[in-house]
Amino acid sequence: MADSKKMNVAGAPFRPLLPVRSLADIRKLEETPLEQALTVRSTYEIFRNAGAAFGNKTALTFLRTGNPADEPIRWSYAELLAGIHQTANMLHALGVGPDDAVAVLLPGCLEYHLALWGGEAAGIVQPLNPLLTDEKLVALMTAGRAKVLIAYGSDSESGMWSKAMRLRGQVPTLTTVLRVAPHDEAPGAADALPEGVAEFDVLRSAQPSDRLVSGRDIAPTDIAAYFHTGGTTGAPKLARHSHGAQVFTAWASVQVAGMNVQGISINGYPLFHVAGVLPASLASLSAGMEVIIPTTSLLRNKEVLANYWKLVEKYRPTSLSAVPTVLAALANVPLAGADISSIGYCRTGAAVLSPELAARFERLFGLHVHESLGMTEMAGISTITPPGVDGPAGCVGFPLPYMQMRIVAIDENGNASDRDRPPGEQGMVLFKSPNLFSGFVDPADNARAFTADGWLATGDLGWIDGEGRLNLSGRSKDLIIRSGHNIDPKVIEDALGAHPAVQLCAAVGAPDAYAGELPVVFATLVPGASATADELLAFTAARVDEAPAKPRSVIVIENMPMTNVGKIYKPELRAMAASRVVAARVAQICDELGVAEAARPSVRGEGESLVQVRIDAGAAGALATALQERIRTALEPLPFKTRVFVE
């Protein structure tokens, strides 16, 4: 049992010690030994400190709708801490101990923060992607040995409540399901609950709100959370985060990004994902910021996107943070006179930002997009480009304080070697850091995650510039990034490859203005066999579990592009996919303008990174200039380089 006097004394919240503008500033922070610079031991201690320091200041603001005129629901730091205490105490009463997992199946909502931080104060929290199939969710909860499931009590978001009821009898360790009522649900509106299922708020409200009944003294090495990587890769891989790793992520984010008590942010990242939970939530709340949750659907809510700049004008966020695909969608939303001057820092991550999108965003809104690198295996953040430091697209900033970073050559099998690359030369990015994860739940999954001498092998390709910043140039794996979802192409390829008519197949991402990439799959057929593209698409879709991973199209080709060592050459397939997207856009515009077949532009891929649209001046005649401008405007939102010219 911990010393009760020690447990009741709150420390100071996190605050930036100096403005970080260079690697020298990172090194200055490192002059103080880490054990002196960071004395907070757990995420619970972060909220205890913040609750004491900020009291009635707003911590969380929940938007009921995307209409700026509607009134939000607000929780203060004191209310948040009280709710965390009650939630942890409720879970303790349900038998949850430090080694037990609490699974969470919720949309964006205030109670998610109670489940996260109350879950970590009592045991181990396990956020789940609600888009996964029942089978995948059962596998993840079984691997984590979940004892309690906290689920949304409505099917309005991804059918969550029905899904929770189906999961009940399939996870051997599960003893209790807690129903979170939708915001503003009328008392007594819910149906009677079966045995083993209870109302989250009813049980919570019966618990003390001023302390942890368990008296638990949480050590930095205690496991705080299980986060699943991907979700489209078949067998579950659960990454273990320690309290110390998550606390370091919060502290280091505050230092490098300059988070402070005057800050306000809109967190549109899903709260089952490390980006939404750690750098966007825990770090912000550790510094006394106000965090806005934009409806249960977050940035999937079309009303939120359509009114985003009006919401900025009303709520005055100081920072904008979103994945590149959301930035691409926002680039299509006109300002319409909205005052967005409160935004002083615009940040992105999850996928490499295209130079075209970065330039467009700055041109339209006057906001330079600062990139960061984060991953599940490093508690959500690895490098940050701070405010006031403008880097080119692909530059993801400085390593965190006390972090070690290496760039090594890739061996013949595509893995990290022990040969370091000099600054300016590309290789695989390796890290050692205080926020490194504690390995996967299944030790067998650790073999490829680390090098023999203990460095995390990220799979990212990059180089270090003269300022000491990391620049990303690609991935060692060919993941398809769709609206922040990491889709393993092998899932699609395995599904289509099971068709008897298919000889070879390869899935790649086709550029899309909204999602960034959409999965498509190319196939060659067994000689003498026949199958239509529609038949192959239906066959594949039926065998791919997660909706975002289902391919948009199957393209049957005569010959698969191959390397000189006999491997499928995916860069050429990506270029082919991009050309098809451009050709479809051009054809649609020509149909709308009534352009004759003989006068239509030609579309041709130029290498692996450019699609050219050539308009024949003689054939198009007076339409040439209008056609060029219309096509150029239509292609501009695509995250792929295009060139439209008249000749």
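Sequential numbering from 191 applies to the sequence shown in my numbering.
Backbone N, C-alpha and C define an ideal beta-carbon position, used for all residues, glycine too.
For residue i, the three-state DSSP class (helix, strand or coil)
| i | result |
| --- | --- |
| S769 | helix |
| L510 | strand |
| T423 | Its pLDDT being 32, under 50, T423 is placed unreliably in this model, and the value from its coordinates should be taken loosely. Reduced to three states, the DSSP call for T423 is coil. |
| R356 | helix |
| A824 | helix |
| F729 | helix |
| N636 | helix |
| C695 | strand |
| I236 | helix |
| M350 | helix |
| Q616 | coil |
| I274 | helix |
| F244 | helix |
| H373 | coil |
| Y459 | coil |
| Y592 | coil |
| K492 | helix |
| P209 | coil |
| T566 | helix |
| I454 | strand |
| F286 | The sequence shown places Val at residue 286, rather than the Phe named in the question. The answer is coil: DSSP assigns V286 none of H, G, I, E or B. |
| V230 | coil |
Cβ pair residue i, residue j closer than 7 Å
| i | j | result |
| --- | --- | --- |
| R611 | I597 | yes |
| P507 | T538 | no |
| Y759 | M766 | no |
| F390 | L364 | no |
| P258 | N497 | yes |
| V387 | G343 | no |
| N457 | A470 | yes |
| V403 | K337 | no |
| A435 | A569 | yes |
| K427 | T439 | no |
| Q818 | V793 | no |
| G334 | A291 | yes |
| A703 | L828 | yes |
| A647 | L620 | yes |
| E347 | P297 | yes |
| R211 | G578 | yes |
| P591 | I216 | yes |
For residue i, the residue or residues it bridges with in DSSP
| i | result |
| --- | --- |
| H675 | R672 |
| F252 | I263, I483 |
| F204 | Beta-bridge pairing links F204 to no other residue. |
| F627 | Bridge partners of F627: none, in fact. |
| R662 | Note on residue identity: the sequence assigns Leu, not Arg, to residue 662. Note: L662 sits in a beta bridge opposite G652. |
| P709 | G699 |
| R804 | S792, F835 |
| R430 | Y416 |
| A388 | L368 |
| S743 | V710 |
| M752 | I758 |
Cβ-Cβ separation, residue j to residue i (assumed contact under 8 Å), whole Å
| i | j | result |
| --- | --- | --- |
| S455 | S474 | 6 Å |
| A737 | A691 | Contact flag wrong, Cβ pair sits at about 25 Å. |
| G241 | L281 | At roughly 19 Å, the Cβ-Cβ gap does not stay under 8 Å, so G241 and L281 are not in contact. |
| T233 | E310 | 5 Å |
| F551 | L517 | 6 Å |
| I671 | G706 | 6 Å |
| V711 | A688 | Actually they do not touch by this definition, with Cβ atoms about 13 Å apart. |
| L686 | A723 | Rounded, the Cβ-Cβ distance is 11 Å, inconsistent with contact. |
| R430 | Y416 | 6 Å |
Residue i, enclosing beta strand (DSSP E) - first and last residue
| i | result |
| --- | --- |
| Y535 | 535 to 538 |
| P317 | 314 to 317 |
| V328 | Counting along the chain, V328 falls outside any beta strand (DSSP E), though it belongs to the alpha helix (DSSP H) covering 324 to 334. |
| L224 | First-last for L224: 224 to 227, but that is the alpha helix (DSSP H), not the beta strand (DSSP E). |
| E796 | 792 to 796 |
| E561 | 559 to 563 |
| G587 | 585 to 589 |
Span of the alpha helix (DSSP H) around residue i
| i | result |
| --- | --- |
| K500 | 498 to 505 |
| D215 | 213 to 219 |
| V294 | Premise fails: V294 lies in the beta strand (DSSP E), 291 to 295, not in any alpha helix (DSSP H). |
| V446 | 433 to 447 |
| L383 | Counting along the chain, L383 falls outside any alpha helix (DSSP H), and DSSP gives it neither H nor E. |
| D608 | First-last for D608: 606 to 610, but that is the beta strand (DSSP E), not the alpha helix (DSSP H). |
| R553 | 545 to 555 |
| V361 | Unbroken run through V361: none, as it is neither H nor E. |
| S532 | Where S532 is concerned, there is no enclosing alpha helix (DSSP H), given that its DSSP letter is neither H nor E. |
| S474 | 473 to 476 |
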